[in-house]
Every structure is written in C-alpha cells, then in structure tokens.
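Protein chains in written order, with my numbering: chain A, 1 to 335; chain B, 1 to 378.
In this text, a Cβ means the ideal position worked out from N, Cα and C, and glycines have one as well.
Below is one structure, written out as structure tokens; comments come after it.
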Amino acid sequence: MEFDFSEDQHEIKRTAKDLLAKRSTAERVRSAAESGAYEESLWNELAEHGWPGVAISEEGGGGGLGVLELATLLEESGYALANSPFLASAACGLAIQEAGSDEQKSEWLPKLASGEATGSFGIDTQTFPDVVDSDVIVVVEAGGSRAGLVATADAVVKEFETIDPTRRYGEVGRGEGSDPMPGDASAALSLAAVLTSAELVGVCARVLEMTVEYVKDRKQFGRPVGSFQAVQHRCAQMLLHTEGARSVTYYAAWAADADRSLLEEAAALAKSSASKAGVEVTASAIQAHGGIGFTWEADVHWFYKRAQMDAAYLGGTKTHRAKLTQLAAAASASR
Amino acid sequence: MDLTFSQDELEFRDELREWLAANSPGEEPRGDEDAIFAFRTSWQRSLYDSGWAAVHWPQEYGGRDATLMESAIFFEEMGRAGAPLPANVLGLLLAGPTIMAWGTPEQKDRYLTPILSAEEIWCQGFSEPEAGSDLAAVKTRAVRDGDDWIVTGQKVWTSGAQYSKWCMLVARTDPEASKHKGLSYFLMDMEQEAVQVRPLVQITGEAEFNELFIEEARIPHENMLGEEGNGWIVALTTLMNERSGLGFFLQVRLRQLLDKLVAEAVANGSIDDPVIGQALGDMLERTETLRLTAYRGLSTIMKYGQPGPEGSLTKWLWSETNQMMTQLAVEIVGPQALHKDNPWAYELLRARGNSIEGGTTEILKNIIAERVMGLPRK
Numbered sequence: 001m002e003f004d005f006s007e008d009q010h011e012i013k014r015t016a017k018d019l020l021a022k023r024s025t026a027e028r029v030r031s032a033a034e035s036g037a038y039e040e041s042l043w044n045e046l047a048e049h050g051w052p053g054v055a056i057s058e059e060g061g062g063g064g065l066g067v068l069e070l071a072t073l074l075e076e077s078g079y080a081l082a083n084s085p086f087l088a089s090a091a092c093g094l095a096i097q098e099a100g101s102d103e104q105k106s107e108w109l110p111k112l113a114s115g116e117a118t119g120s121f122g123i124d125t126q127t128f129p130d131v132v133d134s135d136v137i138v139v140v141e142a143g144g145s146r147a148g149l150v151a152t153a154d155a156v157v158k159e160f161e162t163i164d165p166t167r168r169y170g171e172v173g174r175g176e177g178s179d180p181m182p183g184d185a186s187a188a189l190s191l192a193a194v195l196t197s198a199e200l201v202g203v204c205a206r207v208l209e210m211t212v213e214y215v216k217d218r219k220q221f222g223r224p225v226g227s228f229q230a231v232q233h234r235c236a237q238m239l240l241h242t243e244g245a246r247s248v249t250y251y252a253a254w255a256a257d258a259d260r261s262l263l264e265e266a267a268a269l270a271k272s273s274a275s276k277a278g279v280e281v282t283a284s285a286i287q288a289h290g291g292i293g294f295t296w297e298a299d300v301h302w303f304y305k306r307a308q309m310d311a312a313y314l315g316g317t318k319t320h321r322a323k324l325t326q327l328a329a330a331a332s333a334s335r
Numbered sequence: 001m002d003l004t005f006s007q008d009e010l011e012f013r014d015e016l017r018e019w020l021a022a023n024s025p026g027e028e029p030r031g032d033e034d035a036i037f038a039f040r041t042s043w044q045r046s047l048y049d050s051g052w053a054a055v056h057w058p059q060e061y062g063g064r065d066a067t068l069m070e071s072a073i074f075f076e077e078m079g080r081a082g083a084p085l086p087a088n089v090l091g092l093l094l095a096g097p098t099i100m101a102w103g104t105p106e107q108k109d110r111y112l113t114p115i116l117s118a119e120e121i122w123c124q125g126f127s128e129p130e131a132g133s134d135l136a137a138v139k140t141r142a143v144r145d146g147d148d149w150i151v152t153g154q155k156v157w158t159s160g161a162q163y164s165k166w167c168m169l170v171a172r173t174d175p176e177a178s179k180h181k182g183l184s185y186f187l188m189d190m191e192q193e194a195v196q197v198r199p200l201v202q203i204t205g206e207a208e209f210n211e212l213f214i215e216e217a218r219i220p221h222e223n224m225l226g227e228e229g230n231g232w233i234v235a236l237t238t239l240m241n242e243r244s245g246l247g248f249f250l251q252v253r254l255r256q257l258l259d260k261l262v263a264e265a266v267a268n269g270s271i272d273d274p275v276i277g278q279a280l281g282d283m284l285e286r287t288e289t290l291r292l293t294a295y296r297g298l299s300t301i302m303k304y305g306q307p308g309p310e311g312s313l314t315k316w317l318w319s320e321t322n323q324m325m326t327q328l329a330v331e332i333v334g335p336q337a338l339h340k341d342n343p344w345a346y347e348l349l350r351a352r353g354n355s356i357e358g359g360t361t362e363i364l365k366n367i368i369a370e371r372v373m374g375l376p377r378k
C-alpha cells in the first residue's frame with residue numbers, strides 16, 4: 001500500500017500550483033468577482049496545458065490520465081479560487097464519458113477535452129455552475145438514476161446571482177429536448193461529487209494557510225493572537241477537518257480509477273466530509289481573522305462563499321451522511 | 001497511489017489470519033484482573049512460540065523485521081480477530097524498542113528475550129501526581145550511592161505494575177540542572193520492599209492502573225538506560241513508540257463497535273429515524289476518516305522518514321469518535337445500555353479515559369498548533 005501520489009502526480013500538482021500562483025492571484029480573483037466576468041485568457045491557458053481533458057480517454061481526445069490526476073488539478077484550482085468553468089466542465093466531461101452513448105461521446109468529448117467547448121453538470125431543478133456560457137449540459141434526474149444531455153443552445157438557461165461572485169451559476173429549464181444518456185447516471189454523480197470535494201480540499205488548505213499566517217502576525221495584548229490557546233485550538237481543529245477531508249477525497253478519487261465497487265460509498269464519504277470541512281474551516285477562518293475577516297476588503301470571504309456553494313452543490317454533509325447510513329444498513333442487513 | 005496491499009503484505013496478512021484461525025485465544029474473562037492477566041500471558045506465550053509476539057522487532061532480537069505497514073496489518077488483524085492485547089504490551093511496544101535504541105549490548109542481552117516471552121512484564125513509570133501532561137516536571141529523585149542509585153518518589157497511572165518485574169522509570173538525578181536536563185532513565189526492579197504498588201480504581205470499577213510509592217529503592221548504576229542526564233531524550237523514544245501500531249488495533253475495534261451499533265439500530269428500527277441516521281452517518285464518516293488518515297500517515301513515514309501533518313491527528317480523532325459513539329449507543333440501545341453488565345455501559349465509561357491517556361486532547365491540540373502549524377508559544 002502506498003497512500004501518496006506518485007512522482008508524476010506530485011509533479012502535476014506542483015506545476016498546477018505554480019501556474020495558478022502566477023495566473024490566479026488574489027487581485028485577479030477579486031477583480032473577476034467584482035466585475036462578474038472571467039478572464040478568457042486563463043481558461044485558454046489551462047486548455048493549452050491540457051487541464052480540461054486530463055481524465056478523458058485518449059480515444060476521446062483527452063490526456064487519458066485518471067480521476068486522481070484531475071482531482072489534484074481541482075484541488076489546486078480551489079486553492080487558487082481560480083475563476084474558470086473547470087469544475088463544471090470536467091464534471092460534464094466525465095459524465096458523458098461515463099454514461100453517454102457513442103454518438104454523445106464522439107460529438108462532445110473531443111471538444112470538451114480540448115477546452116474548445118465547456119460543459120456544465122447538475123441535478124435537475126438545482127444549481128448548475130458555469131452553465132450560461134457553456135456548450136453542453138448534463139442534467140441528472142433527482143434521485144440520480146437517469147441523466148440526459150442537452151446542447152446549451154437548445155436549453156432554457158437562466159443565470160442567477162448567488163452569494164459567490166467568484167463563479168457564475170444558473171438553472172436549466174425542465175425537459176428541454178434533452179437526449180437520454182444510456183449509462184450509469186449514479187456513477188457520473190459520484191464522480192462529480194469527488195471532483196467537488198477535491199476543490200473543497202483546496203479551498204480549506206488555502207484559508208488555513210491564510211489564517212495561520214494572519215494569527216502569527218496579528219498582535220493584541222502585546223503578543224501574536226496565534227499564541228493564545230483558544231486560537232491555537234481553533235487552528236488545530238481546522239487542520240483536522242482539512243486533513244480528514246483530504247484523506248477521504250484522495251481515497252474516493254483513487255477508488256474512481258482503481259476499484260469502482262468502492263466508488264459510491266467513497267464519493268458519499270468524500271462529499272460529506274469535504275462539505276463539512278469547507279463550511280467549518282472557512283467560517284473558522286473568518287472568526288480567526290476577527291473584524292477584518294468580516295470585511296469585503298479581506299479575501300477570506302471569497303473562500304467562505306465558494307465553500308458554501310460547493311458544499312451545497314450535489315448535496316451537502318447531511319445528504320451524504322444519510323447515504324452512508326443507508327449503505328451501512330444495507331451491508332449490515334446482508335451480513 | 002495504491003490503496004491495496006502489496007503481494008508481500010497480503011502474504012503476511014494471510015499467514016497471520018491462518019494462524020489466528022487455528023490459534024484463537026477464545027473469549028477473554030471479564031472483571032477479574034488476575035484472570036485477565038493470566039489469559040493475556042498465555043496468549044502472549046502462544047504468540048511467542050509461533051514467532052508472532054513482536055513482528056516489528058528486528059530478526060536478531062526475535063522479531064520478523066516487519067515493515068511499518070505489516071506491523072499495522074498485524075494490529076488490525078488482532079483487532080479483527082477479537083484477540084486481546086498481549087500481557088506484556090508495554091514491554092513489546094515501549095521498553096523493547098527503547099532498549100534497542102539506547103541499551104548497551106549487555107542490557108539488550110539481558111532484557112529483550114524475557115520481554116518477548118512474557119517471562120518479565122514491564123510497566124511505565126513516567127507520570128506523577130504533579131507531572132502529568134508536563135512530564136519534564138517529574139520530582140522523583142535518584143541520588144548516587146556508590147554503584148547504586150537510591151530512588152524516592154511517587155508515580156501514577158502505571159498500568160500492570162502489580163504484575164511487573166521491571167519499570168521504565170524517569171527520575172531526577174540533577175536537581176540543579178534545568179528542568180529537562182536533570183532527568184535520567186532507569187530500568188527499576190519492581191521486586192523490592194521499597195516499591196509499593198497500590199491499585200487505582202477507575203470510573204469503570206476496574207483497576208487497570210496503579211500508584212507506585214517508591215521509598216529509597218535501590219537501582220544499580222548499570223540499570224541506567226542512556227547517559228546520566230539524558231533521560232528526557234530516552235523518554236521521548238518511548239513516547240514516540242507509544243502510538244505506533246496500537247492505533248490500528250484501536251481503529252479496528254472502533255469499526256467493530258460501530259458495526260455492532262449499526263446492526264443494533266437496524267434490528268430495533270431506530271435506523272429509520274433520520275436523526276439517528278444522521279448521527280450514525282457522522283460516525284461512519286469519522287471512522288473511515290480515521291482509518292484512511294492512519295494509513296496515509298503511515299505511508300508518509302515509510303516514504304519520507306518523518307510524519308506529515310496528518311500523523312498528529314489520529315489519536316485525537318479516535319478518542320473523540322469513541323466517546324461520541326458510545327454516547328450514541330445509549331440513545332440507540334436505550335437505558336438498558338447503562339445496566340451494569342451491559343457491554344455498552346463499560347465502553348461508555350472506559351471511553352472517558354481516551355481523551356486523557358497517552359496525551360490529553362488539549363495537549364495534543366497545543367502540539368499540533370505549535371509544532372505542526374508553527375504557531376508561536378507565549
């Protein structure tokens with residue numbers, strides 16, 4: 001057993017972190033959030049690096065790597081809070097690869113893999129990230145057993161504002177001539193949950209770093225606030241949430257590639273844990289920053305808002321905990 | 001990343017499983033400490049006779065040179081088989097590795113084999129009434145007298161002291177030196193009048209632990225482990241060994257407890273109550289997080305030679321989860337869970353100690369904040 005990335009995977013992660021540190025700085029995240037528009041050039045650059053198609057098969061025009069590699073990129077994307085349709089488009093691509101017909105695959109996978117087209121993914125009547133400027137949408141029926149595919153041009157799509165201006169969200173009108181997907185929609189849903197969890201892990205890791213830096217620096221009563229145990233224990237709790245979510249998210253991404261029999265439970269585990277971590281850790285970051293943490297001027301609120309949306313997307317902690325219990329009860333009854 | 005066991009690891013596990021199936025120790029007696037100790041002694045002899053007593057020890061000392069992963073597998077399988085810990089668990093996990101790291105050739109020759117065979121049981125004399133979390137505050141004094149040291153003081157929380165031949169003792173040999181520097185590490189013979197053992201009855205009604213009253217006990221100088229004044233460093237070796245391996249045993253036990261609880265909730269229908277379902281989901285999430293984080297931590301140590309940030313988190317997560325889970329059991333099973341002989345009643349009470357023994361949760365959080373995250377001390 002080796003519960004760690006390979007050298008290549010570490011390299012992918014490092015390269016992604018370096019790239020986004022330059023291309024998705026806090027200033028750029030803020031300017032995209034405040035203007036409500038993404039920088040086209042970032043997506044083009046990610047596409048040049050092969051990010052959109054990393055986990056799409058070579059046959060489908062992608063890089064032919066795994067969900068694990070894709071998850072490392074999403075983690076870094078969350079860490080940098082990058083303004084791009086990467087999460088939604090990657091989830092859409094994996095769903096088509098997983099559940100699409102041959103025609104659907106040959107029509108959409110190469111375009112999604114190259115980044116020439118973008119996609120969105122969501123549960124019917126719920127929120128669809130980055131759907132407005134997308135080209136194709138996978139809509140999963142509530143309950144998760146079936147999914148359909150619709151070209152965005154043929155769908156009634158409405159954008160709405162959420163608390164999270166770092167990303168654009170919308171909804172998709174019902175039954176707009178969607179083309180049924182023959183494959184396993186629940187697996188597509190699990191994969192999307194794993195990708196979202198990876199983004200949440202990155203969000204947690206980043207605000208935790210910001211918080212540790214801040215409490216080391218900020219002085220009250222003549223000493224750094226990070227020397228007070230109450231603050232220290234808060235930070236320790238943030239680390240426990242973050243690292244716990246990281247363990248289960250990597251496990252779920254590994255299961256997606258290596259052992260599909262584990263995927264359903266692992267994805268529920270990851271989404272349950274990462275949603276909890278995302279909400280708790282970003283809230284704790286605001287608290288540890290004190291008054292400044294509650295201002296628009298500080299950057300922590302962007303992370304809090306993204307975490308809230310990611311946690312709610314595809315069901316949050318309670319939804320996925322209920323799933324874990326249901327699976328455990330079924331396993332118990334069959335013993 | 002590969003979260004399956006390698007061929008070697010699988011072979012190790014299967015050999016152990018086969019042996020366990022053929023050599024099951026049976027049901028451990030309850031309540032009577034002497035009977036439990038006798039049971040665990042005979043269990044360790046049986047392990048020893050088949051070469052399973054200390055898989056993590058080097059072959060030259062009677063171990064199997066097991067990797068950290070194999071050692072984890074060993075403890076997981078022991079937990080899974082419902083086997084008890086061996087009688088001399090502190091000797092095997094703490095005293096043995098510390099003697100291997102710091103002992104003279106004579107000390108290694110003298111002490112290691114009887115540890116393996118359970119002929120000589122060991123206890124740990126670190127904590128004192130005034131030195132719990134603050135270990136370097138030990139007051140027990142050792143004064144040189146010719147070839148001997150004369151030791152006076154009090155120790156507490158020494159589990160298994162009443163059965164022990166030897167004690168890993170930390171005492172102050174230089175009261176003038178600064179706190180950490182005045183300590184030395186001794187191997188103290190428990191079989192002398194000057195050492196009195198008094199059982200410390202805990203909230204479960206059992207006496208797993210003892211107080212040790214030491215009144216001018218004699219320890220020959222040759223029984224010092226490491227150099228004079230080096231006791232703090234030697235003690236750290238012991239403490240670093242405290243959690244390795246054992247964590248996997250506890251992690252599996254936690255999972256077994258949870259499986260039992262889920263079965264109970266299915267049987268009495270409470271699992272259909274969404275509130276109970278949520279609470280169980282939380283336990284499932286925590287238990288799996290614990291297992292996976294423990295393996296991740298182990299991989300980090302094996303690959304990089306030192307623990308990552310995740311390594312410091314598992315004991316905290318385990319103790320908190322065990323406490324929450326036993327509390328939830330009372331809710332699911334109902335008041336009969338609190339009847340004196342109900343196993344859940346014991347688990348509930350025993351779990352209160354989890355967040356204190358082996359480092360309180362508060363101290364663990366301090367360590368995480370200061371040493372892992374680099375937050376400033378006062």
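Of all the CB atoms in chain A, is at least one closer than 8 Å to the CB of residue i?
i        : result
B:Gln7   : no
B:Ala66  : no
B:Met324 : no
B:Trp102 : no
B:Gly82  : no
B:Val55  : no
Which residues does DSSP list as the beta-bridge partners of residue i?
i        : result
A:Ser120 : A:Ile137
B:Trp149 : B:Arg144, B:Ile219
B:Trp166 : B:Trp122, B:Asp189
B:Ser159 : In DSSP, B:Ser159 forms no bridge with anything.
B:Glu11  : Per DSSP, none; premise fails for B:Glu11.
B:Val195 : B:Ile214
B:Leu183 : B:Arg172
A:Asp179 : A:Leu149
On a CA-only basis, which of the options is nearest residue i? Give me that one, please.
i        : options                                : result
B:Cys123 : B:Asp189, B:Ala136, B:Met69, B:Thr104  : B:Asp189
A:Arg146 : A:Arg167, A:Thr127, A:Leu65, A:Gly122  : A:Gly122
B:Trp166 : B:Tyr346, B:Thr360, B:Ala217           : B:Ala217
B:Glu130 : B:Asp49, B:Val195, B:Leu261, B:Gly153  : B:Gly153
B:Glu320 : B:Asp272, B:Leu348, B:Ala118           : B:Leu348
A:Lys271 : A:Glu199, A:Ala285, A:Pro129           : A:Glu199
B:Gln44  : B:Ser270, B:Glu70, B:Pro25             : B:Pro25
B:Asp272 : B:Thr289, B:Leu236, B:Ile332, B:Ile219 : B:Ile332
B:Leu85  : B:Glu27, B:Asp282, B:Leu112            : B:Glu27
B:Leu225 : B:Thr41, B:Ser6, B:Pro97, B:Pro376     : B:Pro97
Could you check whether the Cβ of residue i sits closer than 8 Å to any Cβ belonging to chain B?
i        : result
A:Ala329 : yes
A:Asp4   : yes
A:Ser272 : yes
A:Cys235 : yes
A:Met1   : yes
A:Ala198 : no
A:Ala311 : no
Excluding the 5 residues preceding and the 5 following residue i in the sequence, name in chain order all residues of the same chain whose CB lies nearer than 8 Å to its CB.
i        : result
B:Glu357 : Trp157
B:Gly182 : Arg172, Thr173, Asp174, Pro175, Glu176, Gly229
Start and end of the alpha helix (DSSP H) containing residue i?
i        : result
A:Arg376 : Nothing in the structure corresponds to residue 376 of chain A, since chain A is present only between 1 and 335.
B:Phe37  : 33 to 49
B:Pro343 : 343 to 351
A:Gln308 : 300 to 312
B:Gly247 : 246 to 268
Residues in its own chain within less than 6 Å of residue i by CB, not counting five upstream and five downstream?
i        : result
A:Val67  : Ala55, Ala253, Ala256, Asp257
B:His221 : Asp147
A:Ala151 : Val136
A:His49  : none
A:Arg246 : Val201
B:Arg286 : Thr321
Report yes or no: is there a C-beta of chain C within less than 8 Å of the C-beta of residue i?
i        : result
A:Gln220 : This model lacks chain C altogether, as its protein chains are A and B.
Looking at the secondary structure, which residues open and close the beta strand (DSSP E) in which residue i lies?
i        : result
B:Met373 : Taken as a continuous stretch (DSSP letters only), B:Met373 belongs to no beta strand (DSSP E), as it is neither H nor E.
B:Pro335 : From DSSP, B:Pro335 is part of no beta strand (DSSP E); its letter is neither H nor E.
Between which residues of its own chain and residue i is the CB-CB distance below 7 Å, once the five residues before and five after are set aside?
i        : result
B:Phe75  : Gly245, Leu246, Phe248, Phe249
A:Ile163 : Lys305, Gln308
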